[in-house]
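Protein chains in written order, with our numbering: chain Z, 1 to 332; chain X, 1001 to 1332. Backbone N, C-alpha and C define an ideal beta-carbon position, used for all residues, glycine too. In what follows, a single structure is set out as structure tokens and then discussed.
2 protein chains.
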Amino acid sequence: MASIKTIAKLAQTSVASVSRVLNNSGYVSAELRAKVEAAIAQTNYQPSSDARVLRGGKSNLVGILLPSIDVQFFGILAQSMEQALFDLGYQSFICSTAESAAHEARYVAMFLSRRVGGVIAASAEAGAAHFAPLRARGIPIVAIDRDLHGYASDAIVIDHDLGGRMMAQHLIDFGHRKIAVIGAPLHSQSIQRRLAGVRAALAQSGLEPVSQQLGKTHDFAQSYDLASRALANRPTGLIGLTDIAAIGAIHAAHDLGLRIPHDLSIIGFDNIPSAAFVLPRLTTIAQPIRHLGRSAAEMLHRLIIGEPQTLAQALPALTLIQRDTTAPPCAA
Amino acid sequence: MASIKTIAKLAQTSVASVSRVLNNSGYVSAELRAKVEAAIAQTNYQPSSDARVLRGGKSNLVGILLPSIDVQFFGILAQSMEQALFDLGYQSFICSTAESAAHEARYVAMFLSRRVGGVIAASAEAGAAHFAPLRARGIPIVAIDRDLHGYASDAIVIDHDLGGRMMAQHLIDFGHRKIAVIGAPLHSQSIQRRLAGVRAALAQSGLEPVSQQLGKTHDFAQSYDLASRALANRPTGLIGLTDIAAIGAIHAAHDLGLRIPHDLSIIGFDNIPSAAFVLPRLTTIAQPIRHLGRSAAEMLHRLIIGEPQTLAQALPALTLIQRDTTAPPCAA
DNA sequence: TTGTAGGCGTTATCAC
DNA sequence: GTGATAACGCCTACAA
């Protein structure tokens, strides 16, 4: 593998001069610079990041910890973070933890040995102790989607509680009284928060869910099962804590012969692309996913370079997107 | 940052001994080992990968080049590769290239400076020259989903041509004669191959697409537009070169008042999770996505350690999954 | 304007 | 069994 020495030899000069043109620091004659650049081009030489880091430079590596990237919400989030970070000069390890603390711990150990400059995490557990070694070394951590009480330097987390309230209120405003809630994964902090918001709004109207079904995995098939169970209680409105849950519910309702929104109103959360492309089109609360990703990337960057944070980290608001799955309940 | 020296000092011994317990090589007395391990635990010390690599070790880094991970097909693929690779001891850079050769080149340069041990790529361009520097250094490249003529060490690519034929044949077997094709992104090699397969099968039955609409971006909204255009030619069957295309077509047909499959049959390709959760449920050709990802990871690993490849890299076959969007054409 | 040398954290080679 | 030490590739004083 070509090293700086190889280039120096090729250009008949010293490593110091090569280094100078590489970083254009110090003086180099135009002539020498030309020779060196020729050698570099010819060899396709790339300085070793390892050596640079070892020498005392920044690693420009960042770790991204997400439950998964095979569900679209996190796929979009991951891509927007990776791209923003790359443009800022960082390279990312995108890690899928499957909501498992054990997995997270393994990845954290890897981050440590790779000397990452920062971490963005949507962790399974709020305030998990395995983040302590990162903190101890002063490595900044940005929490995304979910808090990381006490361990995060900062956070990009939408108001899930409010989101939950919005979902419930939308159905209540339409006049629904028999409302069911389904969602997964149950141990996800954001899901729990949304659920709390839903229940709070319901309670304010003197209501309680006629059925509440939480599952472990975040997929259509399970959502279908949860919804089937919930529908046994004959709600007129159903809240999916994610779009995946809501879409599963559309199918369950369909298979039960229910017409949407005539017999059953359904609302979801996230506004993933599929939400607009199911039939009927799903009413949902939109999260500005890409925006969140970019914000997290920029926030981490500021943390890494030690720039003071702009306090007013105004995240774009959640917005209700009314499509075709919600309407007033039909007098039975 | 704690280094091996810190540990040595803490354990009152030399760096050499610490290194020995770290890699348990050579002799270390139980007593010394205990002291060293205590120091390591206490410090939460992790040896620097950079230094190890510099010293001459393997980097255990691999680069994964994909058009994107915000579409589910690639998200699933990326996650399965990353996980398999991590279990094999590698860390991955998952890079979204947006089908752009320029992006790819930037990432390749990064791979070079990071000294990755191998690369898995679904490249925008077959045989793109920017892979040459990797080849030159003997860095193995596994092509996935799409060939990389001349640049890949090996490839995990399904038979897209066959897949195309299967789609067309399914509709032909049902008796369809007026068949349209839509898909994107048009410059993707796999899309082109599937299209070729479709046209070949059609030609064998003396047919030609009544409309062929290819778009640039891989999303529902554009698919909707492509389908709307294609439907102007009144096909009885429509082939979506991806599930995304097919799902967009379902919506376009729906908005035009067409009943599926009564007025129009639709078939897709990939079998992403959404395919089973649209209404009506999409008939499609299933790719074993996760299996492909794992295979690519294992193949790259074998390449990296220099183990001879098992020639019979039997990939699981493509399978037709008939659901509710295809049926014989209705005599108009 | 250019070159020499030291040191970053590791591991392997050699003495002791 | 254990401890110095060289070397990996790079950058930066410092010397020339």
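Check: Residue 154(Z): contacting residues in chain X (beta-carbon distance under 8 Å); Outcome: Within chain X, no residue comes near residue 154(Z); the closest Cβ sits about 22 Å away, beyond 8 Å.
Check: Pairwise C-alpha distance: residue 1065(X) and residue 1120(X); Outcome: 6 Å
Check: Chain-ordered residues of the region 232-259 of chain Z with a beta carbon less than 8 Å from chain X; Outcome: 247, 248, 250, 251 and 254
Check: Pick from 193(Z), 127(Z), 171(Z) and 89(Z) that is closest to residue 284(Z), judged by C-alpha positions; Outcome: 171(Z)
Check: Positions along the region 1048-1070 of chain X whose CB lies within less than 7 Å of some CB in chain Z; Outcome: 1048, 1049, 1050, 1051, 1053, 1054, 1068, 1069 and 1070
Check: Beta-carbon proximity of residue 1293(X) to residue 1080(X), cut-off 7 Å; Outcome: yes
Check: 7 Å Cβ cutoff, residue 275(Z) in contact with chain X; Outcome: no
Check: Within 7 Å, strictly: CB atoms of residue 1297(X) and residue 1085(X); Outcome: yes
Check: Partner residues on chain X for residue 220(Z), Cβ-Cβ distance less than 9 Å; Outcome: 1273, 1274, 1276 and 1277
Check: Local Cβ density within 10 Å of residue 1023(X), reported as buried at 16 or more and exposed below that; Outcome: exposed
Check: Residue 104(Z) versus residue 165(Z) - alpha carbon distance; Outcome: 31 Å
Check: Extent of the continuous beta strand (DSSP E) to which residue 265(Z) belongs; Outcome: 265-270
Check: Nearest-angstrom Cα separation, counted from residue 1329(X) out to residue 187(Z); Outcome: 48 Å
Check: Those runs of the alpha helix (DSSP H) which lie wholly inside the region 128-159 of chain Z and span at least 4 residues; Outcome: 132-136
Check: Residue 1159(X) beta carbon less than 7 Å from that of residue 1142(X); Outcome: no
Check: Residue 124(Z), DSSP secondary structure in three states; Outcome: coil
Check: Distance between beta carbons of residue 1259(X) and residue 1324(X), contact taken as under 8 Å; Outcome: About 11 Å; that fails the 8 Å criterion.
Check: For residue 1062(X), the first and last residue of its enclosing beta strand (DSSP E); Outcome: 1061-1066
Check: DSSP beta-bridge partners of residue 320(Z); Outcome: 285(Z)
Check: Cα-Cα separation, residue 27(Z) to residue 134(Z); Outcome: 40 Å
Check: Residues that DSSP places opposite residue 1038(X) in a beta bridge; Outcome: According to DSSP, residue 1038(X) bridges with nothing at all.
Check: Beta-ladder partner(s) of residue 1092(X), from DSSP; Outcome: 1062(X)
Check: Simplified DSSP assignment, three categories, for residue 1188(X); Outcome: coil
Check: Touching by the beta-carbon criterion (3+ pairs, under 8 Å), the region 1234-1245 of chain X and the region 1215-1226 of chain X; Outcome: yes
Check: Supposed close pair residue 138(Z), residue 303(Z) - CB separation, criterion 8 Å; Outcome: Not a contact, Cβ separation roughly 10 Å.
Check: Three-state secondary structure (DSSP) of residue 237(Z); Outcome: strand
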